[in-house]
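If you count the sequence shown from 1, you need to add 11 to reach my numbering. Heads up, the thing below is written out as structure tokens.
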Amino acid sequence: MTLLDRPRTTGPVPVVAARTAAPVAERVAVRPAEVQAWVAEQAALLEPAEIVWVDGSTRERHELLQLLVANGTLEQLNPDLRPYSFIARSAESDVARLEGRTFICTDDEADAGPTNNWREPAAMRAELTQVFRGAMRGRTMYVVPFAMGPIGSPMARFGVQLTDSPYVVVSVGTMTRMGDAALEQIARGASWVPAVHSVGAPLAPGQADVPWPCNDTKYIVHFPATREIWSYGSAYGGNAILAKKAYALRIASVMAREEGWLAEHMLIIKVTPPTGRSYHFAAAFPSACGKTNMAMMTPTLPGWTVETIGDDIAWLWIGADGRLRAINPEAGFFGVAPGTGLRTNPTAVDALWGNTIFTNVATTPEGDVWWEGLTDEKPARLTDWRGEQWTPASGRPAAHPNSRFTVSARQCPSIAEDWDDPEGVVIDAIIFGGRRASNVPLVVEARDWDHGVFMGATIASEQTAAAEGTVGELRRDPFAMLPFAGYNMADYFAHWLDFGRRLRRSARVPRVFQVNWFRKGADGTFLWPGFGDNARVLEWMVARVDGQVGAIDSPIGSLPTPGGLNVDDLDLDEATMEELFRVDPEAFLAEADDVEQFFASFGERLPAELQRQLALLRGRLEAARG
Ligand code: OXD
Ligand code: MN
Numbered sequence: 012m013t014l015l016d017r018p019r020t021t022g023p024v025p026v027v028a029a030r031t032a033a034p035v036a037e038r039v040a041v042r043p044a045e046v047q048a049w050v051a052e053q054a055a056l057l058e059p060a061e062i063v064w065v066d067g068s069t070r071e072r073h074e075l076l077q078l079l080v081a082n083g084t085l086e087q088l089n090p091d092l093r094p095y096s097f098i099a100r101s102a103e104s105d106v107a108r109l110e111g112r113t114f115i116c117t118d119d120e121a122d123a124g125p126t127n128n129w130r131e132p133a134a135m136r137a138e139l140t141q142v143f144r145g146a147m148r149g150r151t152m153y154v155v156p157f158a159m160g161p162i163g164s165p166m167a168r169f170g171v172q173l174t175d176s177p178y179v180v181v182s183v184g185t186m187t188r189m190g191d192a193a194l195e196q197i198a199r200g201a202s203w204v205p206a207v208h209s210v211g212a213p214l215a216p217g218q219a220d221v222p223w224p225c226n227d228t229k230y231i232v233h234f235p236a237t238r239e240i241w242s243y244g245s246a247y248g249g250n251a252i253l254a255k256k257a258y259a260l261r262i263a264s265v266m267a268r269e270e271g272w273l274a275e276h277m278l279i280i281k282v283t284p285p286t287g288r289s290y291h292f293a294a295a296f297p298s299a300c301g302k303t304n305m306a307m308m309t310p311t312l313p314g315w316t317v318e319t320i321g322d323d324i325a326w327l328w329i330g331a332d333g334r335l336r337a338i339n340p341e342a343g344f345f346g347v348a349p350g351t352g353l354r355t356n357p358t359a360v361d362a363l364w365g366n367t368i369f370t371n372v373a374t375t376p377e378g379d380v381w382w383e384g385l386t387d388e389k390p391a392r393l394t395d396w397r398g399e400q401w402t403p404a405s406g407r408p409a410a411h412p413n414s415r416f417t418v419s420a421r422q423c424p425s426i427a428e429d430w431d432d433p434e435g436v437v438i439d440a441i442i443f444g445g446r447r448a449s450n451v452p453l454v455v456e457a458r459d460w461d462h463g464v465f466m467g468a469t470i471a472s473e474q475t476a477a478a479e480g481t482v483g484e485l486r487r488d489p490f491a492m493l494p495f496a497g498y499n500m501a502d503y504f505a506h507w508l509d510f511g512r513r514l515r516r517s518a519r520v521p522r523v524f525q526v527n528w529f530r531k532g533a534d535g536t537f538l539w540p541g542f543g544d545n546a547r548v549l550e551w552m553v554a555r556v557d558g559q560v561g562a563i564d565s566p567i568g569s570l571p572t573p574g575g576l577n578v579d580d581l582d583l584d585e586a587t588m589e590e591l592f593r594v595d596p597e598a599f600l601a602e603a604d605d606v607e608q609f610f611a612s613f614g615e616r617l618p619a620e621l622q623r624q625l626a627l628l629r630g631r632l633e634a635a636r637g
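Dropping the structure here:
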């Protein structure tokens, strides 16, 4: 019986004494000698009290959940309202990705590039050896084999994470294909990425544990040359589920460059108009800019469906048929809760009916969850993410702005039938987006692939709560990969340009679009309704892909013709439409100056093509200024 088969009325998890769950040591699995040797070597450094090899079974998950409840890390929600679901309240210091503590260690600093924190590998190794020595004392070290991508896919990649956090083990269990099936592939010779994770809170004999162990000192470290990941001090999301950002983006981007594919911070959707012919889109947006909402969109256009393939990461390659193909390497969603609501994303809300782990949301007196935006009306009384009493008059958010849900992809009502096709899906168009209150129009199409690369390279977005930093501050976030490229971003741009050359030789090159759902009017309100109405923009893109509609040439790319975007039944006056698509040459010339500065940070390494694109853009803007 899988968790999904559990009846919706599953009773509370029987609580067992802390750390007494049956040892899992006797499971029969192929344990590749190479992995065993590495585990033994790390155990000598980390000094855990015991070692448990994770098999990925339902029984094991159940035992881990029991343990987490007993330890106070998780609290079970009311099973009548939210079957087999749990809430974790993290330490207040451990609530988001830490970009300032994320390091790329390459021999030559220039290989990490100006957008990454660089450290010299030998010095970092020496530092980490000190930090990790004895880090798991008094704790269990879990050996967590996992696959990214469907096992059997040419794109599947493997890893083994060591962790002393059972919360991280159950999270990896949802987010990846975890356990024996992955270990078996490694035993058959598949290469694997070693990833070491510790919360950095060793326990002395007899020392009581805390619900959310972590350490004020934190490291998320990548050694691209040896494909290694080391993470210390945090149990939160991308800092700790190393298969996700650390592997599937930072290390995978390095692999992808070497092997000729792309590892991207992109959702993948399947869009089906009333004609019945489906199209697939891959879309890059910075963290917490609505990727999950877009991936699970309920279109307002009659007869249209949007199905989900992935909500965060895409691996793209040129298939044997010469087409651009993509898989979602993950198996679950680690979505931002605030803003996921019955009005904005009923599909996600439905997906969360049970079997879900929530982190840092608020809870209701009845034992269910709540966060800002789940319902329009705020509950009268809650326990907030810190565990304190909350009412609407409290004047602070009840859920942390970066609170999350972790749920299996299979539980999503809009999941596409082919979401885990080992051969991936054919991508018809690529979309770049960001959160921009001004300047950037609702949708614009790149003139060609190279112009699309320029668009991706120059995307700016207002900072969100997904990482530390000042929310709202505008920053360049090229390809939404600023925190996730494992090597010099200038080389990454060059790789994209080169990839386009290969696509041009082999097959049809996908179209490239830029979108901005977040433009505001003079009164500070959003001009575009967003969410399900974003399907109207997809409708225009589909028509462009099929060559059915023309477009207006603008200095920044092609815009819909007047009346080209279907806004039927939307209450948008002419002034709003004009503002949504207004391209102000002065404002864009100022952007171009900012882009020039950004490009300058890459020095000689920046591909000449991007300088050429910038010069062309300036020329077009000057001409438009007249
Ligand atoms: C995420 C992020 O968790 O981008 O997906 O921060
Ligand atoms: Mn993300």
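Glycine residues also receive a C-beta, built at the ideal position from the N, C-alpha and C atoms.
Exercise. Can you pull every residue whose C-beta falls closer than 6 Å to some heavy atom of ligand 2, listed in chain order?
Worked result: 276, 298, 323
Exercise. Secondary structure at residue 489, three-state DSSP: helix, strand or coil?
Worked result: helix
Exercise. Taking the alpha-carbon positions, what's the residue 134 to residue 476 distance?
Worked result: 31 Å
Problem set entry | contact_flag[the region 269 to 282, the region 475 to 492] where n(CB pairs < 8 Å) is 3 or more | yes
Problem set entry | Burial state of residue 35 (16 or more Cβ within 10 Å) | Here the model assigns residue 35 a pLDDT of 45, short of 50, so the residue's position is not dependable and the matter cannot be decided.
Exercise. Considering only residues of the same chain and omitting the five flanking positions on each side of residue 473, which have a CB-CB separation below 6 Å?
Worked result: So the list reads 446, 483, 485, once near-sequence residues are dropped.
For this session: Please state whether DSSP places residue 318 in a helix, a strand or coil.
Result: In the three-state scheme derived from DSSP, where H, G and I count as helix and E and B as strand, residue 318 is classed as strand.
For this session: Could you check which residue in 116, 102, 466 has the C-alpha nearest to that of residue 451?
Result: For residue 451, the nearest C-alpha among the options comes from 466.
Problem set entry | Check: residue 598 C-beta below 6 Å from any heavy atom of ligand 1 | Proximity of the beta carbon of residue 598 to ligand 1 is not indicated: no heavy atom of the ligand is located closer than 6 Å.
Exercise. In this structure, what does DSSP give as the bridge partners for residue 68?
Worked result: Bridge partners of residue 68: none, in fact.
Problem set entry | Same chain, Cβ closer than 6 Å to residue 507, neighbours up to 5 away in sequence not counted | 464
Exercise. From this set, 558, 294, 566, which residue's C-alpha is nearest residue 575's C-alpha?
Worked result: Looking from the CA of residue 575, the closest CA among 558, 294, 566 belongs to 558.
Exercise. What separation, rounded to the nearest whole angstrom, lies between the Cα atoms of residue 28 and residue 336?
Worked result: Here residue 28 scores only 32 on pLDDT, less than 50, and its place in the model should not be relied on; the value that follows carries that caveat. If you take the alpha carbons of residue 28 and residue 336, they lie about 48 Å apart.
For this session: Taking only heavy atoms of ligand 1 into account, decide whether any of them is closer than 6 Å to the Cβ of residue 248.
Result: yes
For this session: List the endpoints of the continuous alpha helix (DSSP H) containing residue 630.
Result: Element bounds for residue 630: 619 to 636.
Exercise. Near residue 111, which residues of its chain fall below 8 Å by C-beta distance, leaving aside the five closest residues on each side in sequence?
Worked result: 128, 479
For this session: Taking 7 Å as the cut-off, decide whether the C-beta atoms of residue 521 and residue 440 are in contact.
Result: yes
Problem set entry | Unbroken stretches of the beta strand (DSSP E), 3 residues or longer, contained in the region 332 to 403 | 335 to 338, 343 to 347, 368 to 370
For this session: Work out the CA separation of residue 330 and residue 442 for me, nearest whole Å.
Result: 20 Å
For this session: Measure the Cβ-Cβ separation of residue 241 and residue 210 and say whether it is below 7 Å.
Result: If you check the CB distance, residue 241 and residue 210 do not come in under 7 Å.
Problem set entry | Contact set for residue 554: own chain, Cβ-Cβ below 6 Å, skip 5 residues either direction | 560
Problem set entry | Spatial distance of residue 215 from residue 69 (CA atoms) | 31 Å
Exercise. For residue 477, is the beta carbon positioned less than 6 Å from some heavy atom of ligand 1?
Worked result: yes
Problem set entry | Presumed contact (8 Å Cβ cut-off) between residue 366 and residue 419, rounded CB distance | 7 Å
For this session: Report yes or no: do the region 499 to 514 and the region 607 to 621 share at least 3 C-beta pairs separated by less than 8 Å?
Result: yes
Problem set entry | Bridge partners - residue 531, DSSP secondary structure assignment | 537
Exercise. For residue 142 versus residue 156, is the C-beta distance shorter than 7 Å?
Worked result: No, Cβ-Cβ distance for residue 142 and residue 156 is not below 7 Å.
For this session: Pick helix, strand or coil for residue 220, following the three-state DSSP scheme.
Result: coil
Exercise. Does the region 255 to 267 come close enough to the region 231 to 246 to have 3 or more Cβ pairs within less than 8 Å?
Worked result: yes
For this session: Output yes or no for whether 7 Å exceeds the beta carbon distance between residue 424 and residue 358.
Result: yes
Exercise. Taking all protein chains shown into account, do 16 or more other C-beta atoms lie within 10 angstroms of the C-beta of residue 77, making it buried, or fewer, making it exposed?
Worked result: buried
Problem set entry | Proximity winner among 388, 631, 346, 205, relative to residue 372 (alpha-carbon distances) | 346
Exercise. Less than 6 Å between the CB of residue 108 and some heavy atom of ligand 1, yes or no?
Worked result: yes
Problem set entry | Presumed contact (8 Å Cβ cut-off) between residue 351 and residue 398, rounded CB distance | With 8 Å as the limit, residue 351 and residue 398 do not qualify as a contact, their Cβ atoms being about 22 Å apart.
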